[in-house]
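S.K.: I have a structure here, written as structure tokens, and I will follow up with some questions on it.
2 protein chains.
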Amino acid sequence: MREVYIVGIGQTPVGEHWDRPLRELGSEAACAAIADAKAECPQALFVGNMLSGSLCSQENLGTLIADFAGFKGIEAVKIEAACASGGAAVRAAYLAVASGAHDLVVALGVEKMTDLPIDIATTALASAADADYEAAHGITFTALNALMMRLYIERYGVRKDDFATFIVNAHNHAKSNPNAMFRQSVTLEDYASSPMVAEPICILDSSPVADGAAAVVLCSAERARSLSDRPIRILGSSLATDTIGLGTRREPLSCEAIRRSAQLAFKQARVGPKDIDLLEMHDAFSIVSALSLEANGFVEAGHALPFALEGNIGIEGSLPCSTLGGLKARGHPVGASGAYQIVEAVQQLRGQAGKTQVKDCRVAMAQSVGGLASVIVTHILGN
Amino acid sequence: MREVYIVGIGQTPVGEHWDRPLRELGSEAACAAIADAKAECPQALFVGNMLSGSLCSQENLGTLIADFAGFKGIEAVKIEAACASGGAAVRAAYLAVASGAHDLVVALGVEKMTDLPIDIATTALASAADADYEAAHGITFTALNALMMRLYIERYGVRKDDFATFIVNAHNHAKSNPNAMFRQSVTLEDYASSPMVAEPICILDSSPVADGAAAVVLCSAERARSLSDRPIRILGSSLATDTIGLGTRREPLSCEAIRRSAQLAFKQARVGPKDIDLLEMHDAFSIVSALSLEANGFVEAGHALPFALEGNIGIEGSLPCSTLGGLKARGHPVGASGAYQIVEAVQQLRGQAGKTQVKDCRVAMAQSVGGLASVIVTHILGN
């Protein structure tokens, strides 16, 4: 396989973009990434998106955005892997360059979720679960995650309030990120009084439905040398799945697909958990943060909360997490979030992360989780 | 790039499968392809599908089908490129093997369109057009193709009834295909009296909405040698796009994306139109057949109808087309059709096409057209 580098990044602010259509958000991020790379028209565009058909009545999304961005005639497709679609688009772009089929491509994540009433978005999001055996019975994604959180609390005897540490951390890091949706602090008191959504998940455990787009330019080693004096190398890239339904897993809390995806990426990158300088994790719900730290091997099962409470996940900690706000505070436009994670990891590796810059940052990990941890994309990036 | 081979094919009959869910159709075809290859669990599954979100409330389709097929934990994603999704899934699988990331993968196309009333499927199909500037005004895909057909008839002064040759041909070829939806003959008289849908497109100009799934196993040269004594090689693979909307094209009838995709595939395969022994074309409407023959360079602009009328597209003709019924008579489960085309091309190259076997068939071309010829996938296969 050829080596693959990232030489350009672009993003729109995350928020409620009622005045801007899908094509405009997507092409703004894609063109910004191309401009950042000082590159010309890419040879291919891989669009990560989950809900354009259900919420915007628009498929053929690759063509739509290639057309609107002015990338005339190029290869363009949409990649769907539920909430991990953005990460999956980066992986598809990686494979296209690694194969030698293309030398310079764009991976884009884009989603528009706020134009319609929230119950329609909630129903659409449930299509990431098993439509026939889970969603058909009325269970939402929040309710499914609540089952996991309840089991976690009972299994390990932890305090529900201790999950607040992930939320406080994410909001702290979002404050100086101009693209983040929520730039205000959250306190332990705020968390304790946050209204319940699906017990034990409260509003502040949950990332917000949002609109946004993020893009990266991937290229071959040769193109990277000519385009950039500090290209970021993709050291590892992997995608793994689990059963789609929660009911068919032997051990719901072990998150086998996260474990497998991480192990594949670690092996390819020839690093281990101790070598990771920062983690952009899929903190869609605080329980997912805890389970991710464990299944990835950063801590043992049941030890994520003490690890976070001891300050390890802050910018000065041993494993800075959600360094520009994460899904929780930057916002979670589902099919775009995986691409935002890669953009943010590149910002850190380049030393462009502003007030939340991680010092001596050399190896970053970004992980996109789709469904109820049923599809996982992991990337490890390095200088 | 590594060489890539096809060593297994599988398909379900095309029809109205009201009793069988998406996961069952998809995994039947995928497992049949694996069994045909005498292979074990694949390393990745690329699922071509357009409408599972809109019509089945199911995204995360890669995970769903990998899970149900028993492909535990593997990489699995959905690829969407409108009606060309099946072809795009084969290309994604091709890139994954060509890159060296995987040695044995499955490309699957699956679609389920007949459970809901036809107007819902029609509306969903319009999401392949420009949702904001075309579909929002109520235009359907049939109406968009009718605009092309009307322009073609006026520009070249041809008779509408001469398009019947494509329909008669496709239905002739479907008669002996056990997986085809329509296995009855159609006469010139049937065509002349066929009810109008969107003038000048009549019912018999149109391929049917349908359910179905088709799959191919792709692998590296090394695996192909150990698995099969007659692997089929992918000689060329390409994907190209045009503007998504018809209104922004300088010359609607020239189908620039078909031309570009064909030229890329011809160049990679080191062949030209004269070397192609059979063409599985995207005959969703008879006008698309005519435009495909021209834009691919088999005939000059305006000459497709005489070419077809002279018997060239029959099994004994100079360019046998739609040899197992095509989209018209085998049926058109949109996101699956591109995969059916590849399966059928392999049947021909292996000499397993039954009564419509093309003699001395060495090089086959399959082309999947999405949207209004806005996204095109071309594959050239050889022995």
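Chains as they are written, first to last, in the working numbering: chain A, 38 to 420; chain B, 38 to 420.
Beta carbons are placed, not taken as given, at the ideal position from N, Cα and C, and that holds for glycine.
State yes or no: is the C-beta of A/Q404 within less than 9 Å of the C-beta of A/A299?
M.R.: Within the first sequence, residue 404 of chain A is the residue found at index 367, counting from 1. Within the first sequence, residue 299 of chain A is the residue found at index 262, counting from 1. Yes, these two residues count as a Cβ contact at 9 Å.
S.K.: Alpha carbon to alpha carbon, what distance is there between B/G47 and B/K115?
M.R.: Locating residue 115 of chain B in the second sequence gives position 78, where the first residue counts as 1. Locating residue 47 of chain B in the second sequence gives position 10, where the first residue counts as 1. Each residue's Cα considered, the two are about 18 Å apart.
S.K.: Is the beta carbon of A/M150 closer than 9 Å to that of A/P289?
M.R.: Within the first sequence, residue 289 of chain A is the residue found at index 252, counting from 1. Within the first sequence, residue 150 of chain A is the residue found at index 113, counting from 1. In this structure, A/M150 does not lie closer than 9 Å to A/P289 by Cβ.
S.K.: Quick one: what's got a C-beta closer than 7 Å to A/R296's C-beta in the same chain, skipping five residues either side?
M.R.: Position 259 of the first sequence, counted from the start, is the residue given in the question as residue 296 of chain A. Excluding residues within five positions, the ones whose Cβ falls inside 7 Å are A332.
S.K.: Within 9 Å (strictly less), CB to CB, does B/L225 reach chain A?
M.R.: As a position in the second sequence, residue 225 of chain B is number 188, starting the count at 1. For B/L225, the answer is no, since every Cβ of chain A falls outside 9 Å of its Cβ.
S.K.: With respect to the beta strand (DSSP E) encompassing A/S405, which residues constitute its N-terminal and C-terminal limits?
M.R.: Along the first sequence, read from residue 1 onward, the residue named residue 405 of chain A stands at position 368. Here the beta strand (DSSP E) through A/S405 covers 400-407.
S.K.: Can you name, in chain order, every residue of its own chain whose Cβ lies under 8 Å from the Cβ of B/A163, other than the five neighbours on each side?
M.R.: To locate residue 163 of chain B, count along the second sequence from 1; it is residue 126. Excluding sequence neighbours, B/A163 sits near E171, A172, I176, T177, F178.
S.K.: Please compile the residues from chain A whose C-beta is within a distance smaller than 9 Å of the C-beta of B/M38.
M.R.: Here residue 38 of chain B is taken as the residue at index 1 of the second sequence, counted from 1. Those are S136, G137, A138, listed as they occur along chain A.
S.K.: May I ask you to report which of helix, strand or coil DSSP gives B/R187?
M.R.: Position 150 of the second sequence, counted from the first residue, corresponds to residue 187 of chain B. B/R187: helix per DSSP, three-state reduction.
S.K.: Any beta carbon of chain B sitting closer than 9 Å to that of A/G99?
M.R.: As a first step, residue 99 of chain A must be located in the first sequence, where it is residue number 62. So yes, A/G99 belongs to the interface.
S.K.: Can you tell me which of A/S374, A/I155, A/A250 puts its alpha carbon nearest to the alpha carbon of A/M318?
M.R.: Taking the first residue of the first sequence as 1, we reach residue 318 of chain A at position 281. Nearest C-alpha to A/M318: A/S374.
S.K.: Would the beta-carbon of B/A67 fall within 9 Å of that of B/L145?
M.R.: Within the second sequence, the letter at position 30 stands for residue 67 of chain B. Within the second sequence, the letter at position 108 stands for residue 145 of chain B. Yes. Within cutoff.
S.K.: With hydrogens ignored, establish whether the beta-carbon of B/G90 is closer than 8 Å to any heavy atom of the ligand SAM.
M.R.: Among the ligands in the structure shown, none appear at all, so the ligand SAM cannot be discussed.
S.K.: To which residues of the same chain is B/I249 closer than 6 Å at the C-beta, ignoring the five residues directly before and after it?
M.R.: Here residue 249 of chain B refers to the residue found at position 212 of the second sequence. The displayed chain sequence assigns Gly, not Ile, to residue 249 of chain B. Cβ neighbours of B/G249 beyond the five flanking positions: T49, V51, P370, A373.
S.K.: Can you name the residues of chain B whose CB is closer than 8 Å to the CB of A/G110?
M.R.: For this step, residue 110 of chain A is matched to residue 73 along the first sequence. A277, T278, D279, E293, A294, R297, listed in chain order.
S.K.: With 9 Å as the threshold, decide whether the Cβ of B/P289 is near any Cβ in chain A.
M.R.: The residue given as residue 289 of chain B occupies position 252 in the second sequence. Not one chain A Cβ lies under 9 Å of B/P289.
S.K.: Under 7 Å Cβ to Cβ from A/T278, same chain only, skipping five residues before and after it: list those, please.
M.R.: On the first sequence, residue 278 of chain A is found 241 positions in, with the first residue counted as 1. Contacts found: A294, S411, V412.
S.K.: Output needed for A/G368: all residues of its chain with C-beta closer than 6 Å, excluding positions within five of it in sequence on either side, in chain order.
M.R.: Here residue 368 of chain A corresponds to residue number 331 of the first sequence, with the count starting at 1. V51, M218, P245, A247.
S.K.: Under 8 Å between beta-carbons, which chain B residues line up against A/A165? List them in chain order, please.
M.R.: Indexing the first sequence from 1 puts residue 165 of chain A at position 128. The answer, in chain order, is E96, N97.
S.K.: Thinking C-alpha only, which one of B/S94, B/L386, B/M186 is nearest A/A158?
M.R.: Taking the first residue of the first sequence as 1, we reach residue 158 of chain A at position 121. The option with the nearest alpha carbon to A/A158 is B/S94.
S.K.: Is it the case that the segment 78-96 of chain A contacts the segment 116-125 of chain A, given that we only count it when at least three CB pairs across the two stretches are under 8 Å?
M.R.: Judged by Cβ distances under 8 Å, the segment 116-125 of chain A makes contact with the segment 78-96 of chain A, as three or more pairs qualify.
S.K.: Tell me which same chain residues have a C-beta within less than 8 Å of the C-beta of A/T360, skipping the five on either side of it?
M.R.: Residue 360 of chain A sits at position 323 when you count from the first residue of the first sequence. Around A/T360: H210, L315, E317, I352, E381, Q385, A390, T393, V395.
S.K.: Between A/P343, A/C398, A/C358, A/P154, which lies nearest to A/K197 when the distance is taken from Cα to Cα?
M.R.: Along the first sequence, one-based indexing puts residue 197 of chain A at 160. Selected option, being the one with the closest Cα: A/P343.
S.K.: What are the uninterrupted segments assigned as alpha helix (DSSP H) that are 4 or more residues long and contained completely in the segment 325-403 of chain B, given in chain order?
M.R.: For the segment 325-403 of chain B, whole alpha helix (DSSP H) runs of length 4 or above, ordered along the chain, are 341-346, 363-367, 371-387.
S.K.: Would A/K115 count as contacting chain B if we go by Cβ distances under 9 Å?
M.R.: Working through the first sequence from its first residue, we reach residue 115 of chain A at position 78. Yes, A/K115 counts as interfacial toward chain B.
S.K.: Using CA atoms only, rank isn't needed, just tell me which of A/V234, A/A119, A/F322 is closest to A/S243.
M.R.: Translated into positions along the first sequence, residue 243 of chain A becomes position 206. Nearest of A/V234, A/A119, A/F322 to A/S243, Cα basis: A/F322.
S.K.: Provide the residue(s) that pair with B/K115 in DSSP beta bridges, ordered along the chain.
M.R.: Along the second sequence, read from residue 1 onward, the residue named residue 115 of chain B stands at position 78. A/E117, B/V84.
S.K.: Strictly under 9 Å for the Cβ-Cβ distance: is A/S411 near chain B by that measure?
M.R.: Here residue 411 of chain A corresponds to residue number 374 of the first sequence, with the count starting at 1. Yes, its Cβ sits closer than 9 Å to a Cβ of chain B.
S.K.: Which residues in chain D sit within 8 Å of B/S257, going by Cβ to Cβ distance?
M.R.: In the displayed structure, chain D is absent; the protein chains listed are A and B.
S.K.: To which residues of the same chain is A/H208 closer than 6 Å at the C-beta, ignoring the five residues directly before and after it?
M.R.: Here residue 208 of chain A is taken as the residue at index 171 of the first sequence, counted from 1. Counting only Cβ-Cβ distances below 6 Å, and skipping sequence neighbours, we find S222, V223, A366.
S.K.: Examine chain A for any beta-carbon lying closer than 9 Å to the beta-carbon of B/A125, and answer yes or no.
M.R.: As a position in the second sequence, residue 125 of chain B is number 88, starting the count at 1. Yes, its Cβ sits closer than 9 Å to a Cβ of chain A.
S.K.: Is the shortest distance between the beta-carbon of B/D422 and the beta-carbons of chain A less than 9 Å?
M.R.: Only positions 38 to 420 of chain B appear in this structure, which leaves residue 422 of chain B out of reach.
S.K.: Return no unless some Cβ of chain A is closer than 9 Å to the Cβ of B/P370.
M.R.: For the purposes of this step, residue 370 of chain B is identified with residue 333 of the second sequence, where counting begins at 1. No, B/P370 lies away from the interface with chain A (no Cβ there is under 9 Å from its Cβ).
S.K.: Using only alpha-carbon positions, find the residue among B/G273, B/R286, B/G407 that is nearest to B/A306.
M.R.: For the purposes of this step, residue 306 of chain B is identified with residue 269 of the second sequence, where counting begins at 1. Comparing Cα positions, the closest option is B/G273.
S.K.: Nearest-angstrom Cα distance between A/G419 and A/A72?
M.R.: Here residue 419 of chain A corresponds to residue number 382 of the first sequence, with the count starting at 1. Here residue 72 of chain A corresponds to residue number 35 of the first sequence, with the count starting at 1. Going by the C-alpha atoms only, they are around 22 Å apart.
S.K.: Please list, in chain order, all residues of the same chain as A/F200 whose beta carbon is under 6 Å from its beta carbon, the five residues on each side excluded.
M.R.: The residue labelled residue 200 of chain A in the question sits at position 163 within the first sequence. Counting only Cβ-Cβ distances below 6 Å, and skipping sequence neighbours, we find S323.
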